[in-house]
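K.L.:
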Amino acid sequence: MTASVRELKSKLSRYLKRAAAGEEVTVTSRGRPIARLVWVTPQGNQHPGEAEVRRLLAAIPGIILPTGPKPRGSKHPMRIRKGEKRLSEIVLGDRR
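In terms of my numbering, the sequence shown is numbered consecutively and its last residue is 447.
#1: Using the C-alpha atoms, what's the distance from Ala372 back to Arg447?
#2: What three-state label does DSSP hand Arg430 in the structure shown?
#3: Per DSSP, which one or two residues make a beta bridge with Thr353?
#4: Classify Ile441 as helix, strand or coil using the three-state DSSP reduction.
#5: For Ala354, count neighbouring C-beta atoms within 10 Å of its own C-beta (all shown protein chains included) and say buried if the count is 16 or more, exposed if not.
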């Protein structure tokens with residue numbers, strides 16, 4: 352079954368009851384599917400684990416996954432001299 356975002360918002364309880372009964376509801380925006388409303392098992396959600404997501408992403412050509420720990424930044428941060436602009440100020444100036 353499908354429902355537009357507008358219809359889902361106006362009749363949410365009805366669609367939640369249908370999903371709880373095991374029916375899958377595809378939510379559309381301007382005729383294009385954007386989400387699914389499905390029943391959740393009592394054990395919790397059915398989302399894949401991080402390992403499964405990494406495996407699926409690695410199978411896509413051109414996707415590069417991080418292999419090490421998250422970078423922590425420099426041990427010796429740069430000091431700003433008095434009167435110099437910060438990088439954020441320079442970027443904001445360029446955007447204007």
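Note that CB positions come from ideal geometry on N, CA and C, so glycine has one too.
P.N.:
In brief:
#1: One-based indexing of the sequence shown puts residue 447 at position 96. One-based indexing of the sequence shown puts residue 372 at position 21. Computed Cα separation, rounded: 54 Å.
#2: Taking the first residue of the sequence shown as position 1, residue 430 is located at position 79. Collapsing the DSSP output to three states places Arg430 in coil.
#3: On the sequence shown, position 2 is the one that residue 353 refers to. Thr353 is bridged by DSSP to Thr377.
#4: Taking the sequence shown and counting its residues from 1, the one referred to as residue 441 is at position 90. Ile441 falls in the helix class under three-state DSSP.
#5: For the purposes of this step, residue 354 is taken as residue 3 along the sequence shown, with counting starting at 1. Looking at its Cβ environment, which holds 16 or more other Cβ atoms inside 10 Å, Ala354 is buried.
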